[in-house]
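Chemist: The structure that follows is given in the form of structure tokens.
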Amino acid sequence: MIQTLILSFLTLALLNTPTNSQLIFNFCETSSNYTTNSTYETNLSNLFNSLTKNTSKTGFYTSTEGEPPYQVFGLAICRGDMNDNFCNGCVTMASRYFPQICPYNKGAIAWYDRCIVRYSNHNFFSQLDDGIPGENICLDQSASDPYQFKQKIVTMMESLAHIAAFNRSVHMFATGAGTGLYGLVQCTRDLSGEQCYNCLNQTLHDLSADDQCDESVQVTALRGSCIVMYDMKQFFSSDPTWVAPPDADPTIIPPVKPPSLSETQRGNGHKTSTIALGVGLPLVFLAAVIIFICLRRKNRFNKNRIPVNAKSRNSLLIKFSTLQQATDNFSDSNKLGEGGFGPVYKGKMPNGQEIAVKRLATGSDQGLSELENEVQFLAELQHKNLVRLFGVCIEEKEMLLVYEYIRNKSLDTLIFENSSGRKLKWEQRLKIIKGISRGLLYLHQDSAIRLVHRDLKASNILLDENMNPKISDFGLARLLRGDHTQSKTSKVVGTYGYMAPEYAVHGTISTKADIFSFGVLILEIIAGRSNSSFSGSSEGNILNYAWKHWTNGTAIEMKDPCLDPDPNTDLEVM
Ligand SMILES: *[C@@H]1O[C@H](CO)[C@@H](O)[C@H](O)[C@H]1NC(C)=O
Ligand SMILES: *[C@@H]1O[C@H](CO)[C@@H](O)[C@H](O)[C@H]1NC(C)=O
Ligand SMILES: *[C@@H]1O[C@H](CO)[C@@H](O)[C@H](O)[C@H]1NC(C)=O
Ligand SMILES: *[C@@H]1O[C@H](CO)[C@@H](O)[C@H](O)[C@H]1NC(C)=O
Ligand SMILES: *[C@@H]1O[C@H](CO)[C@@H](O)[C@H](O)[C@H]1NC(C)=O
Ligand SMILES: *[C@@H]1O[C@H](CO)[C@@H](O)[C@H](O)[C@H]1NC(C)=O
């Protein structure tokens, strides 16, 4: 499993191909495969030729090549707002890359931003979502007023579903616009109106039942027979088929809040159990994910969606001259280190408050007000496991972020080989793991804005004097690339080795990607070795190393030699 995941990293190469179309997601039917130089391969390649040649004329084409048992069926559809050129480019690219995305698989589907292409050894024409599992991609950003937003979305998307399914002149494609709200639906045109409607209706229902999506304002739902998208920004290039009437805002019925679970219940939730590391290593990993999920569930009722408070925005702005003074004009002696985004300096404010100043070269053409807005949001995020942002200084070409100063060093300097802190006991490591998961939970679920960190790694975990972990650099990816309005990042940020495959390959942002990085981090904390220390070894990375030990039944050998040498020692897990 992990190895398969790692293999997907290899398809990274695909990302580097210059092209205008972007792969969003794909599904390979691995249940039956063809071989090199087989009849099926020949017929498939003929099929791709025919799809490439014929699709752009009308934006839709189905074709079949060969005779059973080597018969292959194919379908290509371009999004209704794409012109011939875009359509042709997209189908060409999809056809060309199938052999790399789904090598030798007799069936596959790929969703690109501009087209969908599918082929199979069985006839799937006019079949609704035949055997294709769907995928929802929802950005972790929620509306300021989720209830009103949801009402508007439902009204719009239901109208679009009706238009796409039952107005023959629109070719099963419809777009809609309301105030700060844009939607798009598309069915594959082999469907009947009824089938198209069912596909869209079902997808909309799935979305409202999906935790990750129900309050997201940026959604892409991919199905075998249809797609549904909505966003607060216009993302399609045609005139909207449907425009919300000016007074369409439905009366808002305030939701009845479930009684919130009391704090005492939370306190009682911690059960103690012990397991041996020997059998427990992957379990630790699993347990982390489970703790995380449990905390999520519990906290669902305590969701705190307080809008940005009325704190004066000016209080966040700090003068450049103040920072110059505080850091002794950014002297080298005050330099704490060089982070991924720029150098960090230690400073002391006139009132004695110690600070850390991160000096970022933004090179960004984002508007000042937009940046300020973002910083305002980040400053609102306050949690004992997050490094607190005090303020910002925005100069012409650079931005300086002012953080609380954390006394201890980052986790990577404390646990990895050759570091003085390798004597960290298991209890301390466990406390660190728990703290990180709390901070992450807050970012993902409990804060006023949901945020995906995107670059979680040991060097981004700082430790205070009591060895409490604090996550740093959250929000920076979003702040600096300004791509927070894309459900797919145009540029993947993050650190190789920690990145979830779907993020590395497709740029798909979700909280799941952070959990993947968190898993890697937990393995590093247990092993006392960094993921990068495995490059050049036969395993190549810590995941393969862990997997090898796990399958060999030698997981205990993975633990840091600094930990208790007796392999039978029970390690407290929760
Ligand atoms: C087909 O190939 C894939 C790898 O591309 C493999 O995972 C799968 O097991 C193969 N299926 C069969 C039936 O051999
Ligand atoms: C496939 O065909 C090519 C050209 O006919 C040949 O060079 C190659 O060896 C064949 N590959 C296999 C695996 O048979
Ligand atoms: C589709 O493309 C093929 C070439 O691969 C061509 O022979 C065929 O006539 C085209 N069909 C239509 C309907 O244009
Ligand atoms: C399918 O492949 C076989 C073997 O290469 C070939 O004889 C046949 O003509 C192909 N069918 C079509 C429709 O191209
Ligand atoms: C169908 O769509 C067309 C183009 O958007 C529009 O002019 C027409 O009024 C629609 N027909 C119905 C019955 O809604
Ligand atoms: C839409 O889907 C839901 C859930 O599957 C179903 O209960 C409902 O009847 C559907 N609506 C229509 C009009 O088909």
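Residues -21 to -1, 1 to 553, numbered by mature numbering (1 follows the signal peptide of the UniProt record, and there is no 0), are exactly what the sequence shown covers, in order.
Cβ atoms here follow ideal geometry from the backbone N, Cα and C, with glycine treated the same way.
Remember, predicted model here, so these are calculated numbers, not experimental data.
1. Do I334 and G326 have their C-beta atoms within less than 8 angstroms of each other?
2. Are N364 and L442 touching if we call contact CB-CB under 8 angstroms?
3. Between I232 and the rest of its own chain, which residues show a CB-CB distance below 6 angstroms, the 5 nearest in sequence each way excluded?
4. Could you give the distance in angstroms between the alpha-carbon of I450 and the alpha-carbon of L522?
5. Residues around ligand 4, please: the condition is that the C-beta lies closer than 5 angstroms to some non-hydrogen atom of it.
6. Using the beta carbon as the reference atom, which residues fall closer than 7 angstroms to any heavy atom of ligand 6, ordered along the chain?
7. Less than 8 angstroms separating the beta-carbons of V366 and L380?
8. Sorry if obvious, but does the Cβ on T220 come closer than 7 angstroms to a heavy atom of ligand 5?
9. Ignore the nearest five residues each way along the sequence and tell me which others in Q174's own chain have a CB closer than 6 angstroms to its CB.
10. Is V149 a contact residue of ligand 5, with contact defined as CB to any heavy atom under 7 angstroms?
11. State the Cα-Cα distance for the pair N520 and A534, rounded to the nearest angstrom.
12. Compute the Euclidean distance between the alpha carbons of T(-18) and G110, then round it to the nearest angstrom.
13. Can you give the Cα-Cα distance for K85 and N100, rounded to whole angstroms?
14. What residues sit near ligand 2, counting only those whose C-beta is closer than 7 angstroms to one of its heavy atoms, in chain order?
15. Could you compute how far the alpha carbon of K314 sits from the alpha carbon of D493?
16. Buried or exposed for Y40, please, with buried defined as at least 16 other CB atoms from any protein chain shown within 10 angstroms of its CB.
17. Count the other C-beta atoms from every protein chain shown that fall within 10 angstroms of the C-beta of residue 559, then say buried if there are 16 or more, exposed otherwise.
18. Measure the Cβ-Cβ separation of S35 and G53 and say whether it is below 8 angstroms.
19. Quick one, which of N62, A140 and A437 has its alpha-carbon nearest V164's?
20. Quick check: what's the CA-CA separation for S202 versus A55?
21. Does the contact criterion of 3 or more C-beta pairs under 8 angstroms hold for the stretch 67 to 86 versus the stretch 137 to 152?
22. Mind listing which residues have their beta carbon within less than 5 angstroms of any non-hydrogen atom of ligand 1? Chain order is fine.
23. Report yes if the CB atom of A156 is closer than 8 angstroms to the CB atom of Q197, and no otherwise.
Modeler: With the given structure in hand:
1. Numbered from its first residue, the sequence shown carries residue 334 at position 355. Numbered from its first residue, the sequence shown carries residue 326 at position 347. Yes, they are a contact pair.
2. For the purposes of this step, residue 364 is identified with residue 385 of the sequence shown, where counting begins at 1. For the purposes of this step, residue 442 is identified with residue 463 of the sequence shown, where counting begins at 1. Taking 8 angstroms as the Cβ cut-off, N364 and L442 do not qualify as a contacting pair.
3. Taking the first residue of the sequence shown as 1, we reach residue 232 at position 253. Because the pLDDT of I232 is 37, which lies under 50, any placement of that residue in the model is unreliable, and the question is left without a value.
4. Residue numbering aside, residue 450 sits at position 471 when the sequence shown is read from its first letter. Residue numbering aside, residue 522 sits at position 543 when the sequence shown is read from its first letter. I450 and L522: Cα-Cα distance of roughly 23 angstroms.
5. T18, T21, N22, N25, E44 and G45
6. Y176, N177, N180, Q181 and H184
7. Here residue 366 is taken as the residue at index 387 of the sequence shown, counted from 1. Here residue 380 is taken as the residue at index 401 of the sequence shown, counted from 1. No, they are not a contact pair.
8. The sequence position of residue 220 within the sequence shown is 241, counting from 1. Checking every heavy atom of ligand 5 against the Cβ of T220, one is found closer than 7 angstroms.
9. In the sequence shown, counting from the first residue as 1, residue 174 sits at position 195. The answer, listed in chain order, is L107.
10. Mapped onto the sequence shown, residue 149 falls at position 170. True, at least one ligand heavy atom lies under 7 angstroms from that Cβ.
11. As a first step, residue 520 is located in the sequence shown; it is residue number 541 there, counting from the start. As a first step, residue 534 is located in the sequence shown; it is residue number 555 there, counting from the start. So the alpha carbons of these two residues sit roughly 15 angstroms apart.
12. As a first step, residue -18 must be located in the sequence shown, where it is residue number 4. As a first step, residue 110 must be located in the sequence shown, where it is residue number 131. In this predicted model, T(-18) has a pLDDT of only 35, less than 50, meaning its place in the structure is not dependable enough to derive any value.
13. Residue mapping note: residue 85 aligns to position 106 of the sequence shown, counting from 1. Residue mapping note: residue 100 aligns to position 121 of the sequence shown, counting from 1. K85 and N100: Cα-Cα distance of roughly 6 angstroms.
14. T15 and N16
15. On the sequence shown, residue 314 is found 335 positions in, with the first residue counted as 1. On the sequence shown, residue 493 is found 514 positions in, with the first residue counted as 1. Cα to Cα, K314 sits roughly 29 angstroms from D493.
16. Translated into the one-based positions of the sequence shown, residue 40 becomes position 61. Buried is the call here.
17. Outside the shown range of the chain, which is -21 to 553, sits residue 559, and nothing can be said about it.
18. For this step, residue 35 is matched to residue 56 along the sequence shown. For this step, residue 53 is matched to residue 74 along the sequence shown. Their beta carbons are not under 8 angstroms apart, which means S35 does not touch G53 by this criterion.
19. As a position in the sequence shown, residue 164 is number 185, starting the count at 1. Comparing Cα-Cα distances from V164 to each of N62, A140 and A437, the minimum goes to A140.
20. If you number the sequence shown from 1, residue 202 lands on position 223. If you number the sequence shown from 1, residue 55 lands on position 76. Reading off the sequence shown, one finds Arg at residue 202, where the question assumed Ser. Straight-line Cα distance between these residues: approximately 14 angstroms.
21. no
22. T9 and N12
23. Reading the sequence shown from its first residue, position 177 is the one you call residue 156. Reading the sequence shown from its first residue, position 218 is the one you call residue 197. For A156 and Q197, no; Cβs fall outside 8 angstroms.
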